[in-house]
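To start, the structure under review is shown below, and the notes come after it.
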Amino acid sequence: MPELQKTIVDNFDWNFFPAAFDVELTHQSDSFQLASVYGTPFDLREELLESDWMPDAHRFYPADFKARVKTLLLCLRRHPLALPMPALQSVCGFLSCGVRSITRVDTVFPSGVQSDGAVDGGLILLRLKGASSGLVRLTLRYEANGQRVARCHDVRVTADAGELDGAIQKGVALQRYVESCRRYLMLRTPVAPDDPFYPEYKASVTAALQRLKDLATEFSDRDVDAQCPGLVQQLQDFLEMADRHAEDVLKPLPDQPEPAPPNGKAFGYTNPTS
1 MPELQKTIVD NFDWNFFPAA FDVELTHQSD SFQLASVYGT PFDLREELLE
51 SDWMPDAHRF YPADFKARVK TLLLCLRRHP LALPMPALQS VCGFLSCGVR
101 SITRVDTVFP SGVQSDGAVD GGLILLRLKG ASSGLVRLTL RYEANGQRVA
151 RCHDVRVTAD AGELDGAIQK GVALQRYVES CRRYLMLRTP VAPDDPFYPE
201 YKASVTAALQ RLKDLATEFS DRDVDAQCPG LVQQLQDFLE MADRHAEDVL
251 KPLPDQPEPA PPNGKAFGYT NPTS
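Note that the UniProt record's numbering has the sequence shown beginning at 1, numbered continuously upward.
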């Protein structure tokens, strides 16, 4: 927990001067697709970008594309004339355009400024779906001190990778904690029992509260405190507050008739399940 505790708790500060601008995290893989992105920044934006084929990125293309290119190159070996690289790029680009998933972050996590003027960044988690093994190329680009900086890291995921890295497990636990609490907080504005949308609101509050209870039980059984000290107690404190809130907003009025079914009337709460 030390690195996440340091970033998310100790150094947290509403610093309105970001450490980096125009942050881009690019994901490219031969086997995995980007399912979702989680992180401490509040302004994540995802998009797909097509790119030209390049030899150094060939290994990150799907297996069927690699097979077609291999067949093409074997056929070219039967002819004395070599195919120029620009022409080969055009042919490969026609067979399959390289698609990369880009996550753009306009500002980083609001960390406090240290004594040497440095500011730590936040946490971005990528959830991938697809095969059980493959290659992933992660490229981080950002602007700092008026200069563009780029870093590339290739990761090979094996089928027998075993348990996730400890830092990733901590990040996932924190993400689930924040997501469950946020889901309930979105229902903080009560709906009157005589409102036609009260049954829907009641069901949403009940479901969100049960989600918190299930997560608290899971965290206790898994001994999440061993990785994230204090997280179980924080979740329990939030659950007690949510219990009091649910008891208050779901308390029926005396002799209250059954609410009429919804008729399309708008009301002031956001349904997190929609």
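A virtual CB, placed ideally from N, CA and C, is assigned to each residue, including glycine.
Check the C-beta distance from residue i over to residue j and give it rounded, since I have them as a contact under 8 Å.
| i | j | result |
| --- | --- | --- |
| residue 236 | residue 169 | Not confirmed; about 20 Å, so no contact. |
| residue 35 | residue 127 | 5 Å |
| residue 175 | residue 38 | 5 Å |
Distance, Cα to Cα, residue i vs residue j?
| i | j | result |
| --- | --- | --- |
| residue 184 | residue 173 | 17 Å |
| residue 190 | residue 250 | 8 Å |
| residue 160 | residue 141 | 31 Å |
| residue 213 | residue 244 | 13 Å |
| residue 129 | residue 32 | 5 Å |
| residue 153 | residue 63 | 21 Å |
| residue 53 | residue 171 | 34 Å |
| residue 316 | residue 57 | Outside the displayed span of the chain (1 to 274) sits residue 316, for which this structure offers no information. |
| residue 145 | residue 24 | 16 Å |
| residue 83 | residue 76 | 8 Å |
| residue 85 | residue 143 | 32 Å |
| residue 196 | residue 204 | 14 Å |
| residue 182 | residue 61 | 37 Å |
| residue 221 | residue 69 | 50 Å |
| residue 248 | residue 200 | 16 Å |
| residue 229 | residue 194 | 43 Å |
| residue 223 | residue 240 | 20 Å |
| residue 202 | residue 217 | 23 Å |
| residue 192 | residue 198 | 7 Å |
Inspect the beta-carbon positions of residue i and residue j and report whether they are closer than 8 Å.
| i | j | result |
| --- | --- | --- |
| residue 187 | residue 29 | no |
| residue 209 | residue 246 | yes |
| residue 91 | residue 73 | no |
| residue 150 | residue 158 | no |
When you compare each of the options to residue i by their alpha carbons, which one comes out closest?
| i | options | result |
| --- | --- | --- |
| residue 232 | 219, 242 and 26 | 219 |
| residue 207 | 180, 221 and 22 | 180 |
| residue 225 | 194, 211 and 177 | 177 |
| residue 132 | 156, 149 and 22 | 156 |
| residue 22 | 193, 204, 81 and 148 | 148 |
| residue 27 | 70, 81, 124 and 86 | 124 |
| residue 89 | 197, 230, 70 and 55 | 55 |
| residue 238 | 221, 211 and 223 | 211 |
| residue 66 | 24, 248, 93 and 199 | 93 |
(request) Kindly provide the ranges of any alpha helix (DSSP H) runs that are 4 or more residues long and lie completely inside the region 115–203, ordered along the chain. (result) Listed in chain order, the alpha helix (DSSP H) runs fully inside the region 115–203 are 166–185, counting runs of at least 4 residues.
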